[in-house]
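Here the structure is laid out as structure tokens; the discussion comes afterwards.
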Amino acid sequence: MANSKSCLITGCSEGGAGSALAEAFAKKGYHVFATARSPSKVSKSLHEASNVTVLALDVASSESIASAAQEVREKTGGKLDILINNAGLGLNAPGLDTPMSEARKLFDINFFGVLEMIQVFSPLLVEAKGYIVNTSSIGGYLPLPFLSVYQASKAAIIQASEDWRLELEPLGVKVLTLLTGGVATHFVDNQPTPPLPQNSYYLGVKDIIEAQPDNIRFAVSPEAYANDVLRHVEKGTTGKLWIGGGTSFLRPLLWLSPQSLIV
3 MANSKSCLIT
13 GCSEGGAGSA
23 LAEAFAKKGY
33 HVFATARSPS
43 KVSKSLHEAS
53 NVTVLALDVA
63 SSESIASAAQ
73 EVREKTGGKL
83 DILINNAGLG
93 LNAPGLDTPM
103 SEARKLFDIN
113 FFGVLEMIQV
123 FSPLLVEAKG
133 YIVNTSSIGG
143 YLPLPFLSVY
153 QASKAAIIQA
163 SEDWRLELEP
173 LGVKVLTLLT
183 GGVATHFVDN
193 QPTPPLPQNS
203 YYLGVKDIIE
213 AQPDNIRFAV
223 SPEAYANDVL
233 RHVEKGTTGK
243 LWIGGGTSFL
253 RPLLWLSPQS
263 LIV
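Count along the sequence shown from 1, then add 2; that gives the number in the numbering used here.
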């Protein structure tokens, strides 16, 4: 690795924001650890890049996290400059009808996986006086029906990430929280939509629940998003960052509008 800075990114399957982040940081000269539950889903270009190491990493598995941390430790000499917690799972279902197994699985990935990544990699980050980037969503502020469990996980990350920023600052580690708007990936297309039970109160709006929202008009490309994240990391931005499509008008709307207008 010579003297290049290191960056680990979770959720780097091809076509997603994580893949674009890995490409952007690699082009900037970082040694990137591009991780995914299935390394075969990581793009060929990342597999072939000389300054990219593709690793298997399931953020819902303690064993997988520990194994990845050991590989990074050995390759970097015990340091990690940047950790980007990008991996996430969506869920489209009314709260009353969400299977508890699915709700717990989502929080294991979207919240507890982030916390465990930070805990396990903290010695490497503290040693490097490093930087943590936690990916949340504008959905953590914006209530929308049939997305309650997902939105709750993102709201939890916003609050916890800000708390971690205060806790880690004395240790020399910066924390940035991304309040992400529209990014033109397949995340929404791929999010689970559990079937409604036959006794659901929402059978009359089943088609609405199962329809995937069209946010392409407000979405930025994954490459534009990744380069914007890179720019803010390079300049040392911390705290909450509104980023991605739609945030330029939604942020002031949320600040200035009565709650009754939002819902």
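Ideal placement from N, C-alpha and C gives every residue a C-beta, glycine not left out.
Proximity to I86 across T249, V235, N201 and I245 peaks at V235, based on C-alpha coordinates. DSSP, read as helix, strand or coil, puts G184 in strand. Counted as a single uninterrupted DSSP element, the alpha helix (DSSP H) harbouring F123 occupies residues G115 to A130. Fully contained in the segment 23 to 47 is no alpha helix (DSSP H) run of length 4 or more. Here K176 is bridged, per DSSP, to Y133. Cα atoms of S103 and A89: separation of roughly 19 Å, rounded to the nearest angstrom. Distance from G142 to L181 at the Cβ level is roughly 7 Å; contact confirmed, criterion being Cβ atoms closer than 8 Å. Secondary structure at V207: helix, using DSSP grouped into helix, strand and coil. The beta carbon of A58 sits closer than 6 Å to those of P41, all from its chain and outside the five residues before and after it, given in chain order. Every beta strand (DSSP E) of 3 residues or more that sits fully in the segment 35 to 106 is shown, in chain order, as 54 to 58 and 84 to 87. Taken through DSSP and simplified to helix, strand or coil, K7 comes out as coil. Straight through space, the alpha carbons of T100 and L198 are spaced by roughly 9 Å. Comparing C-alpha distances from L149 to each of E171, S15, I210 and V54 shows the shortest one belongs to I210. Three or more pairs of CB atoms, one per stretch, sit closer than 8 Å, so the segment 149 to 160 contacts the segment 106 to 125. As far as DSSP is concerned, W166 takes part in no beta bridge. By the criterion of a C-beta distance shorter than 6 Å, S202 is surrounded in its chain by D99, once the five residues flanking it on both sides are discounted.
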